[in-house]
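J.: Sequence order for the protein chains is A and B. Numbering that gives the first Met the number 0 numbers the first residue of the first sequence as 0 and each following residue consecutively. Numbering that gives the first Met the number 0 numbers the first residue of the second sequence as 0 and each following residue consecutively. For glycine and all other residues, C-beta sits at the position ideal for the given N, C-alpha and C.
Number of protein chains: 2
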Amino acid sequence: MASPAYEKTPVNTVKRLGKERGNYDYKNVHSIVNSSPVVHVSFNPIAADDPFPAVLPMLGVTGSFTSQDADPATSEQDLYIHGYVGSRLMKQSSASGDDQGTPVTVAATLMDGLVLALTPNHHSCNYRSAVVFGYASLVTDEAEKLYALELITNNMIPNLWANCRVPPNKTEMTSTTILRVKISLASAKIRSGGPSEDRHDAKDEALRKRVWTGVVPSWTQWGEPIPAKATLVEEVPEHVESWRALANRDGRVGAYEAAVEKEK
Amino acid sequence: MASPAYEKTPVNTVKRLGKERGNYDYKNVHSIVNSSPVVHVSFNPIAADDPFPAVLPMLGVTGSFTSQDADPATSEQDLYIHGYVGSRLMKQSSASGDDQGTPVTVAATLMDGLVLALTPNHHSCNYRSAVVFGYASLVTDEAEKLYALELITNNMIPNLWANCRVPPNKTEMTSTTILRVKISLASAKIRSGGPSEDRHDAKDEALRKRVWTGVVPSWTQWGEPIPAKATLVEEVPEHVESWRALANRDGRVGAYEAAVEKEK
């Protein structure tokens, strides 16, 4: 059975190059977005004399308020985004009212390594990138906002929500802005493996003896936590330390797997 | 004397929140872009029925073909971008001809850590983010293309260019696409330090004994290189290993400095 996937249209079709692969599965798109510590949210310029798309760095996570137990790998999801919402995006999202929302494009890219080849043209990166196209609206329902806040918090570190002072009070809820993106289309692009080479260069033994080729794997490393001056808790708690150990291990293992994959 | 900086207009003005700081200096904007392994390039939709901005992950580096020795920290720069240029962006850039080019917004964000507070609303990230607004054109001049390719290659790893088979041959030059972005406006946004707290929570000793607060620093870690099956060079070369050691050290030191900065 085929995996549940986004429709492929001219807007989200991935152009493949070398060892890059396009992918439209919920599983890939959602997991790349949810693994990215930050996403870039682009929207169209508002002012008539402003030619440039606006871009904001924000936190993003997929979820479904109406099917909260659904697995993001196999089910339809919305994208909840949180962060400083520029007054311009805010105006668009509020103004949309009963409308379908503000068109946004959300991009997330995870680097898995540098790929060094015999020639500059064949240098590349191993990476996983997702682009999501959809319509953003302000979340106004109190229960949905709470759901999204908990989702975003626990996507930073599992169980972080339950280990803070919760629930947020009325003032905190009012001052928090969450946008829900109804996803129209999405795609992922993944590059893995060692370098590709020009056929002529690949046969050149003298060149292969002179220029080292291979992959330098990379991942996000989480260092020893630094307590705030004000904290009265003496030890870094278990939910932080166990997450950190796992994230560092998964990051490292994933980068090495991406480097060797399909090298024969 | 004030540092050379981009003009501040409604398009690029940074809204500040908590410990975030806006910055328009060449030094900050250029160094964030040049330190990012990948940038996201957004441009306006072309098709009349496509409401979504397009976004492509690409490699980017600042430079000046006409003042090649100029210091990016203090001088005007162009932004050279390289990667798979979608047919849509390509059409826009080629079509622009003598025109000023295709409006693009280029975003780069570097994560320096997670900031854990007493409440979900005060959780934050330490990060450095740059957004560059400008006009992109295809580089057609052979000498400028070569200059940009070398710049992009050496921005991955210093001296990488001289340690490959160079210069690229005619076919390679023809198949390579480089865009030059004439920068109109730009800004950087930087968050550092420990958590901010609600004044009421900060006085709550029981809460401060229950909820750990502080920063988990993060950086890009470069792992032990994996040689390609085809390489005949036995040791990972010095330009790769010395860069890797320095990048890992700078990443770690930078993340810890960002975590403690301004905590008193």
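#1: Could you tell me the alpha carbon to alpha carbon distance between residue 155 of chain B and residue 214 of chain A, rounded to whole angstroms?
#2: By the three-class DSSP mapping on this structure, what secondary structure does residue 97 of chain A have?
#3: Who are the neighbours of residue 67 of chain B on chain A, taking C-beta pairs under 9 Å?
#4: Indicate the three-state DSSP secondary structure (helix, strand or coil) for residue 258 of chain B in the structure shown.
#5: If you draw a straight line from the C-alpha of residue 97 of chain B to the C-alpha of residue 180 of chain B, how long is it?
#6: Skipping 5 residues on each side, what residues in its chain have a beta carbon closer than 8 Å to that of residue 79 of chain A?
#7: If you compare alpha carbons, which of A:4, A:35 and A:219 is closest to residue 76 of chain A?
#8: According to the neighbour-count rule (16 or more other Cβ atoms, all chains shown, within 10 Å of its Cβ), is residue 81 of chain A buried or exposed?
#9: Over the uninterrupted alpha helix (DSSP H) stretch that includes residue 142 of chain B, give me the two end residues.
#10: Looking at the secondary structure, which residues open and close the alpha helix (DSSP H) in which residue 24 of chain B lies?
#11: Cβ closer than 7 Å: which chain B residues qualify as neighbours of residue 52 of chain A?
#12: Cα-Cα, which of A:36, A:65, A:129 and A:121 is closest to residue 12 of chain A?
#13: List, in chain order, every chain B residue whose beta-carbon is nearer than 8 Å to that of residue 220 of chain A.
#14: Nearest CA to the CA of residue 233 of chain A: which residue from B:46, B:57 and B:207?
#15: To which residues of the same chain is residue 269 of chain B closer than 6 Å at the C-beta, ignoring the five residues directly before and after it?
#16: In this structure, what does DSSP give as the bridge partners for residue 190 of chain B?
#17: Which residues in the same chain as residue 64 of chain A place their Cβ atom closer than 6 Å to its Cβ, once the five residues preceding and following it in sequence are excluded?
#18: So with Cβ pairs under 8 Å, would you call residue 228 of chain A a contact of chain B?
#19: Tell me whether residue 74 of chain A, by its Cβ, gets closer than 7 Å to a heavy atom of the ligand NAD.
#20: Alpha carbon to alpha carbon, how far is residue 1 of chain B from residue 51 of chain A? Give it in angstroms, no decimals.
#21: As a quick exercise: from A:205, A:219, A:221 and A:192, pick the residue whose alpha carbon is nearest that of residue 226 of chain B.
T.: Quick look at the numbers:
#1: 13 Å
#2: The pLDDT assigned to residue 97 of chain A is 49, lower than 50, so where the model puts this residue is not dependable, and the model offers no usable value.
#3: Those do not exist, as residue 67 of chain B stays about 18 Å from chain A at its closest Cβ, beyond 9 Å.
#4: helix
#5: For residue 97 of chain B, the predicted structure reports a pLDDT of 49, less than 50, and the residue's modelled location is therefore unreliable. The matter cannot be settled from this model.
#6: 59, 60, 61, 62, 138, 147, 150, 151, 177, 178, 179 and 180
#7: A:4
#8: buried
#9: 141-155
#10: Careful: residue 24 of chain B lies outside any alpha helix (DSSP H) and carries neither H nor E.
#11: 41, 42, 43, 52 and 104
#12: A:129
#13: 217, 218, 219, 220, 250 and 251
#14: B:207
#15: Examination of residue 269 of chain B is not possible in this model, given that chain B is present from 0 through 263 alone.
#16: B:19 and B:126
#17: 143 and 146
#18: yes
#19: The ligand content of the structure shown is nil, which means the ligand NAD is not present either.
#20: 27 Å
#21: A:192
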